[in-house]
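Protein chains in written order, with this note's numbering: chain G, 77 to 586; chain Z, 77 to 586; chain B, 77 to 586; chain V, 77 to 586.
Where is the CB? At the ideal position from N, CA and C, for every residue including glycine.
Protein chains: 4
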Amino acid sequence: MTIILDGASLTIQSLIDITHHQAQIEISEEAFERLKSSRTLVFKLSESDVPIYGFTVGVGWNKDKKVFGRYFAEYNRNLIYAHCVSVGPYLKEEETRAVMVSRLNALLSGRTGIQLEVVEMYKAFLNAGIHPRIPSRGSVGEADIANLSHIGLAMLGEGEVDYKGRIVPAADALMAEGLKPVVLGPKDGLSIVSSSALAAGTGAIVLDQALKVVEIANAVYALSVEGLDGNITPLRPEPNMARGMPSQSACAAQLRGMLSGSYLEKKGISKTLQDPLSFRCVAGIHGAVLDAIEYVHRFLAIHLNATDDNPCIIPESEEIISCCNFEITNWVLGFEMLGQALAHLSRSACHRTIKLSDPYFTGLSRFLSPDEGVVQAFQTIQKPFTALDAEIRHLINPVSTDYYSVAGEIEDHATNAPFVVQKTAKIIDNLYYILGIEALHAAQAVDLRRVTAHGKGSKVLYESLRDAVPFLEQDRPLSYDIQKAYEVLTDSSLIESIRKTAGTLMPENW
Amino acid sequence: MTIILDGASLTIQSLIDITHHQAQIEISEEAFERLKSSRTLVFKLSESDVPIYGFTVGVGWNKDKKVFGRYFAEYNRNLIYAHCVSVGPYLKEEETRAVMVSRLNALLSGRTGIQLEVVEMYKAFLNAGIHPRIPSRGSVGEADIANLSHIGLAMLGEGEVDYKGRIVPAADALMAEGLKPVVLGPKDGLSIVSSSALAAGTGAIVLDQALKVVEIANAVYALSVEGLDGNITPLRPEPNMARGMPSQSACAAQLRGMLSGSYLEKKGISKTLQDPLSFRCVAGIHGAVLDAIEYVHRFLAIHLNATDDNPCIIPESEEIISCCNFEITNWVLGFEMLGQALAHLSRSACHRTIKLSDPYFTGLSRFLSPDEGVVQAFQTIQKPFTALDAEIRHLINPVSTDYYSVAGEIEDHATNAPFVVQKTAKIIDNLYYILGIEALHAAQAVDLRRVTAHGKGSKVLYESLRDAVPFLEQDRPLSYDIQKAYEVLTDSSLIESIRKTAGTLMPENW
Amino acid sequence: MTIILDGASLTIQSLIDITHHQAQIEISEEAFERLKSSRTLVFKLSESDVPIYGFTVGVGWNKDKKVFGRYFAEYNRNLIYAHCVSVGPYLKEEETRAVMVSRLNALLSGRTGIQLEVVEMYKAFLNAGIHPRIPSRGSVGEADIANLSHIGLAMLGEGEVDYKGRIVPAADALMAEGLKPVVLGPKDGLSIVSSSALAAGTGAIVLDQALKVVEIANAVYALSVEGLDGNITPLRPEPNMARGMPSQSACAAQLRGMLSGSYLEKKGISKTLQDPLSFRCVAGIHGAVLDAIEYVHRFLAIHLNATDDNPCIIPESEEIISCCNFEITNWVLGFEMLGQALAHLSRSACHRTIKLSDPYFTGLSRFLSPDEGVVQAFQTIQKPFTALDAEIRHLINPVSTDYYSVAGEIEDHATNAPFVVQKTAKIIDNLYYILGIEALHAAQAVDLRRVTAHGKGSKVLYESLRDAVPFLEQDRPLSYDIQKAYEVLTDSSLIESIRKTAGTLMPENW
Amino acid sequence: MTIILDGASLTIQSLIDITHHQAQIEISEEAFERLKSSRTLVFKLSESDVPIYGFTVGVGWNKDKKVFGRYFAEYNRNLIYAHCVSVGPYLKEEETRAVMVSRLNALLSGRTGIQLEVVEMYKAFLNAGIHPRIPSRGSVGEADIANLSHIGLAMLGEGEVDYKGRIVPAADALMAEGLKPVVLGPKDGLSIVSSSALAAGTGAIVLDQALKVVEIANAVYALSVEGLDGNITPLRPEPNMARGMPSQSACAAQLRGMLSGSYLEKKGISKTLQDPLSFRCVAGIHGAVLDAIEYVHRFLAIHLNATDDNPCIIPESEEIISCCNFEITNWVLGFEMLGQALAHLSRSACHRTIKLSDPYFTGLSRFLSPDEGVVQAFQTIQKPFTALDAEIRHLINPVSTDYYSVAGEIEDHATNAPFVVQKTAKIIDNLYYILGIEALHAAQAVDLRRVTAHGKGSKVLYESLRDAVPFLEQDRPLSYDIQKAYEVLTDSSLIESIRKTAGTLMPENW
């Protein structure tokens, strides 16, 4: 699989192909032409008297200090060194790849004037699997300069990289691949570091995970409502059309697909008339997550295909001008909102799971015990999932405004973007445990209820889960069951099967 | 001014005309026809055996209790009584109007089967200015039943209303207007209370305020950057187009409009090359607020023109079915995001104001004193605006997931929507103080700098402010100046002048 | 009643006597002697060359500017003006009194060198009831300089005061009382403003309210557990002694006092064996509030009787040295903890109230209806109290670390103390509504249960409540009942009766 | 080293000796006698008709189900199984030890009636180094039943343990040590799981770390103030005594000890008169941390030496009664407060570090560069430490009230204690990075200033740091320096040297 990067058409899907499925990349010719003419402009301007940030003058507070042409290589190397200030833990391989592809594609917009050898190095690193070790923390989310510098370090043949499964000196990996360290020229240091590629790259991965977890949650819901013997009329098209919220309608449609063929389809209005809101409102709640995903997607897709640094080359007028193109507040806040939407999804899952334990709502045994007086079954398991939900409640507290005024008070705005993205990833991870526990309950309930006519989607989930975790006949340590359920839900084969069977919520141009 | 409500075309603007400018309302004929046929269906179904929530059976946990036809009036009156449980303070007049118009327009979708006399009563209340006293707190944001009931109470001729500037018994106001109390029939109680009209109506007002505060903030920025003698190249179209974020470009465009004619237009790149981010990133930061506003607007506009209650009449199949159409999680989270975006706007305003006090950045005197050794000027004023910003930081903490499982554990999802809206209103109010203080600094700075060539927008603001607050020649108690600046900024004439002069950011179909 | 202030023995109780019960104050002779000798030292040092903060040099960033002796009056008046920067709403009368008495008592420690006429003015203002109008917001909690300045303004005969129930110019009130405006001398401005008296004074009031609300909550609990027909063995001394937590034991003891004579005393272990934790853990949860109160009290009592400003006179060595005696982080964090403890109290009250509505736990009717099919009773009331609890959940979010670096980056630490105190007050106010609703349930439950043998404390509460709110025989608008219950619980006569009947939790030296 | 456990005298220090330094334990004879007589009582009561929670009847919602004597072994084994529901990651070895010693010591109070063989097993596990694998998450902090069960599992010879550095089946480790799996009898299951030993044990470790980090922070401060050439008069005893806050005075005293001999001692009042508050207020801010530590310590010390479960044996009256002795809200809130206090410490460290980079405050070069135009030095490093501080700001958000009502609505109060403890540990870990970076600045500053006369404590720190990280002569990747500084600060030898040199803040009876 080969993906052509052109600075304009990178999608979440193609990014994931590169980061997770090792797709090879090419750079489009047009992009190369843009890079060349920008580089030419850089050299032209380097002889002018106009001060240009990070180029003919220093960066940050040091913008009042001139950088002389003869020191370009030294200055830019020092800039890389002085920016290598991030703190562990290191990024995972796919995250490092996402950072590199995000930075590379933005460079292809031709707005930085970076030298072509550096651009080629990104491509070489990605295609050869040379992954610089990047400590993940230390960016305040207004250009991830403290982290991206570690990519520059590796390109200089210094520091360490993760290469073919081992941690080796960057110089060794370069040599093994026949690559020569780059020699930085004017403006190259800043072009490497001045970007939000850490947040954007890891954000793209997390956004993809968020979409998947909604669809998995829909499948779990489908099994749960079967376990409850619940009322699925709220999923009918008519009331949802009357409401007019597109995402609610879309979720209801996927859920109808998942429940297609289920015994619940044949029931009229159930005797309970209305199930608890955690069941009844599923299309609206999961729809709110979808809306948040689409919000982030709208802006992140723009971000991945545009310059995100400062200053900006204006080819028409042959200028390099200061700007605020690293600004990402809109999509960072989108991630904060997404976290809150996922927290609603989480709470609903928790409440559904509690209901599935309760004979008043299910008509089944207490705690879904196969033998109430003897087997304690899901008696204590309400603690772990509510405890994990409490962590989610904590994670959704906002952090984007909690920055300092630094660099001689010049950098007095920030977003804490990488941490916001990381919080979202943690929310999703916890959610898989919570949904796993819900699925354990749902499967136990349908077994106790001897459901045979599953919906198409709930059947896929049920069978995958029962392959890994048998019916709870007697008490056994459940920590292991929880872990297995987590693994079933996060296995990529499940989401693929579900999408194949019941359709997907994936937005256009994903 | 008369506005025709039809259940489908209510905009923020027309709502504001009704709530703040006393526009009279009419109800479209089509809407009336829908209401009639729904009511007919209600009577038809009341004779069937199908249990219908809040109609032939009780509400909440009492959905297992049958409601007999002969008790419809008594049952529905009791339902209104039992739902009058909200807690003060009372809504303001314009808020009460917004709640009524929001509920009325949703009823016109014909999904509730409410009797026409009740619908007429909403219209009469709005047109005659009968405003039921509604205690504002007590809703968990999943249908504002505890508050909307107070409108029903007034329609029954009970409780109190605000009428022609006085608090009088509802019965007196009805009599004065020649209105008879309604006699509730089947399903009427639920149709009155089962709606998020409190959150939606007050939300519409707050959303309008949010848009205005961004534009005011742009005007204040324009004056500040003149006060700083700052660099406005980041507002040029080229770098913003390179970035491609529509809202950033839109803000930059309005700001260019505001600064059109300013002395800053003639300067090249300033000697400082790049101003602090609080100045440089204004288009991106204010753009993020705009994006959040558009997100809320998209869904709130749907909400205001669709059913938001349960159950839902499906005329095609002559059914009333349970659903989750009161679901509003998506736009409630939008308000939470909007609050966070406004917090960024606030912090930037604070940092700009600090910079305007600092000779290092302005080249002017310390604390903008007209006589440094003698006049202390804006020495201590940094405390109040940062203290108000700390309140904003506190207000943006999320609250939508903090609900209980109530009503016999059936209501296990909620949003705390009215409180979220109210938090946003408080953020905006604080912001006007913060921006007022920024404007005091900016005006002092341009005076010290003897700026004469203002931009078109900054000139409007400067002159309005200087009409109310003179140059700080000697120390004086500044609490009064702050209050006056707040009043200048919140006066509707200012936003009108600014929009007239420099264009508006108002989205389509507002 | 007359209270002698000496700078060393002010208690919460005596402060409340002054603020709420108009006790007159005297100043001890020893304190006067200290003031005199400090003032003498000030004049002595004013002739030396040693720079002294806010005295011979300016304040804040202006500490590098010399203040010349001949300008002392003008400089100090300007200092007062420039510090009048706080923002409304205005403090209430008792709060203003608390601020003045707090500041006055700290001045008596003789650490500021303030002139005696100013000290006399505090006393005159308190004794004559001249209350300067102080806008409440604008302090970052590191000396409330922006607010305390308004007291100085009134002493200068400027600004407005609240005097004998009317808002009048300060000059008029001074004249009416035969007082002459003060003429400020060296260091007086700073001595008036450099103090955390706003936070400390209002904090003392709030702390007293916190103690009362715990005791009221204990009384409400006692009535609730009677309504539940619950198990009171967890209140027995033995298990609490086994635990060894003093506050848990103290709460259990007060609760035993409240329940002394109750029908519950005669029951053995109830058939339910263990009540829900919201009932069972009451002594521990309320004990945690007590512990937080004692923590704040310990440090606030020190604060009220010591200098809280900078610089500090050292009489032994005849120096005035810079220090950090305005530091209050420890007790501000105590207030944050107290808020969280109260939130636990609130949640438990909410859960108890939900249980009292539930036949499964009470054996009574659903929603405590006197006639289940006909009267809806406390069906919807679960929304308001959980909504108010959600506000409390929001209020407990911390704010003390959210400050800026201001005043030329010199003031880079703060606490937001006044806002923290105000948050706590709001929590307590909401709590009274929540507890009021619990009390309504508890009273209804004991009536349905026909309890006659109340405990001593629950009887006091029951009778007070039933004087204001009758048994719910038929549905009626409950907003009014809620308001009445709130008034019963906040009326000072109730807490007095309860303390008289069942003892108090008031700590030593309160 | 051998420590005798008696249920009454376990201190933080002795716990650390057991957990970190492998001290062997013995059980006192008196404790054994108590255990025996409690066990006798259990058997006696097992024949009575009185229902006893978790003994003759089930736990949680199942308290309405009888447990018959002949099923005691099976019931209790099932109880262990059904409670093994916690979620990874696993506890670290020293944490597992802390959990076991905490549970064991509480059992020795003789309030549970556990069989002696189980008690012996705790001792054997600790002394032989058999460490059950305990997934760390899943407790809501109201008895850590979901986690402690895993200890029971290992005692049954099931599940896995960490033994001599390897993960092995529990059965293998038992066999290797000649231990036989326990056979559970009446009440044993509950006695193993019903305790907050996870939170208390790990909490004791974290509390010890909190104390250490304050003292390390004092040492870093001492070096920083030397780097600043700052004013240390605020540390003098006189102004601190005037204030009267014991913890502020204690910190000032330790700081004077650390700075004893420093060149700063000889200076009079510096020309800057007053340093920024981040420097000046150190004694008050660090004192606030100390106060929070003492608050937690007071209650945790009680907790570690008392029963923390339910029900409770009352030997005097031969009863087992339901109670709330697992209640820990007071000290959980103490940890929340401690986190907030540490956040203040963190922010001050960040602000001090910013100041050390700023020539305006230091008189040294910008970013402490040894050659301003050429070496960029600490230019970018302000991002990582403020980013880590933003994480701390996020971590201090409260979580203790965010619980559900579970177990058939009976468990409607909780504290999330283990997560609160874990948050505090994370705060401390981040703090060490932040302080490490401050120390790098401080050392660079004293080197640039050519300080030779260090204080006693600052000298210890300076030398330890310079052994690991040389002076920054030229730009180099600083991530490595940061990591080394972190290691220097967390190395136990440093805290020991500092305490030896300058005294300790360790409270009495630690």
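Range of the contiguous beta strand (DSSP E) that encloses residue i
| i | result |
| --- | --- |
| Ser212 of chain B | 211-213 |
| Ile243 of chain Z | 242-245 |
| Ile558 of chain Z | Run containing Ile558 of chain Z: none in the beta strand (DSSP E); it sits in the alpha helix (DSSP H), 555-566. |
Cβ neighbour criterion (16 or more within 10 Å) applied to residue i
| i | result |
| --- | --- |
| Ile80 of chain Z | exposed |
| Gln455 of chain V | buried |
| Thr278 of chain G | buried |
| Ser393 of chain B | exposed |
| Ala318 of chain B | buried |
| Ala249 of chain G | buried |
Boundaries of the alpha helix (DSSP H) in which residue i is found, first to last residue
| i | result |
| --- | --- |
| Thr78 of chain G | Taken as a continuous stretch (DSSP letters only), Thr78 of chain G belongs to no alpha helix (DSSP H), being part of the beta strand (DSSP E) at 78-81. |
| Cys426 of chain G | 405-432 |
| Asp238 of chain B | Note, Asp238 of chain B: premise wrong, no alpha helix (DSSP H); beta strand (DSSP E) at 236-239. |
| Gln100 of chain B | Taken as a continuous stretch (DSSP letters only), Gln100 of chain B belongs to no alpha helix (DSSP H), being part of the beta strand (DSSP E) at 100-103. |
| Gly303 of chain G | 273-304 |
Own chain, CB closer than 7 angstroms to residue i, minus 5 neighbours either side, in chain order
| i | result |
| --- | --- |
| Leu511 of chain B | Ile292, Ala293, Val296, Ala425, Leu565 |
| Ser338 of chain Z | Glu302, Ala529, His530, Gly531, Ser534 |
| Val497 of chain Z | Ala275, Thr278, Gly279, Val282, Phe411 |
6 angstroms CB neighbourhood of residue i in its chain, flanking five on each side removed
| i | result |
| --- | --- |
| Ala359 of chain Z | Gln324, Cys327, Ala328 |
Closer than 7 angstroms at the beta carbon, the chain Z residues around residue i
| i | result |
| --- | --- |
| Ser481 of chain V | Ser481 |
| Glu467 of chain B | Phe495 |
Within chain V, partners of residue i - CB distance below 8 angstroms
| i | result |
| --- | --- |
| Thr87 of chain B | The premise fails here: Thr87 of chain B is roughly 15 angstroms from chain V at the closest Cβ pair, so nothing lies under 8 angstroms. |
Partners in chain V for residue i, counting only beta-carbon separations shorter than 7 angstroms
| i | result |
| --- | --- |
| Glu412 of chain G | The premise fails here: Glu412 of chain G is roughly 11 angstroms from chain V at the closest Cβ pair, so nothing lies under 7 angstroms. |
Closer than 8 angstroms at the beta carbon, the chain B residues around residue i
| i | result |
| --- | --- |
| Asp567 of chain Z | Ordered by position in chain B, no residue passes the 8 angstroms Cβ test against Asp567 of chain Z, which lies about 18 angstroms from the chain. |
| Leu91 of chain V | Residues of chain B passing the Cβ test: none, with the nearest at roughly 18 angstroms. |
Interface residues of chain V facing residue i [CB-CB closer than 9 angstroms]
| i | result |
| --- | --- |
| Lys139 of chain B | Thr348, Leu349, Gln350 |
Local conformation of residue i per DSSP, three classes
| i | result |
| --- | --- |
| Gly512 of chain Z | helix |
Partners in chain G for residue i, counting only beta-carbon separations shorter than 8 angstroms
| i | result |
| --- | --- |
| His517 of chain Z | Neighbours of His517 of chain Z on chain G: none; closest Cβ ~15 angstroms, over 8 angstroms. |
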